[in-house]
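Numbering (the numbering used here), first residue to last: 1315 to 1391.
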């Protein structure tokens, strides 16, 4: 058994997403005495910001809150 490989270092002309259709995702999570909260913002190619936020109802570390914020942003996208 073998895997056929393609040279991924050099993209072909016209290959890949349109540079004008770039979307963005900004996310953050916080854990403190006031609770565990996460937020994400999707940025459209036209520069529109679509915010999302949530409260986590379980104890977690700050890193887990960051991961949850990233997951929420990806799911909403």
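The beta carbon of each residue, even a glycine, is placed where N, CA and C say it ideally should be.
- Task: Please work out which residues of its chain come closer than 8 Å, Cβ to Cβ, to residue 1315, disregarding the five sequence neighbours upstream and downstream, and give them in chain order.
- Result: Any reading at residue 1315 must be qualified, since the residue scores a pLDDT of 49, below 50, and its modelled position is unreliable; the value itself is stated next. Same-chain partners within the cutoff: there are none.
- Residue range of the alpha helix (DSSP H) that includes residue 1387: 1376–1390
- Message: Could you check whether residue 1355 and residue 1337 sit closer than 9 Å to each other, using their CB atoms as the reference points?
- Response: no
- Over the uninterrupted beta strand (DSSP E) stretch that includes residue 1372, give me the two end residues. Unbroken run through residue 1372: none, as it is neither H nor E.
- Query: If you count every other CB in all the chains shown that lies within 10 Å of the CB of residue 1372, and 16 or more means buried, which is it?
  - Reply: exposed
- Assuming residue 1347 and residue 1375 make a contact with CB atoms under 8 Å, what is their CB distance in whole Å? Going by Cβ atoms, the distance from residue 1347 to residue 1375 rounds to 15 Å, so no, they are not a contact pair.
- Query: residue 1359 by DSSP, collapsed to three states: which one?
  - Reply: coil
- Query: Between residue 1347 and the ligand GDP, is the CB less than 8 Å from at least one heavy atom?
  - Reply: The model depicted lacks the ligand GDP and carries no ligand whatsoever.
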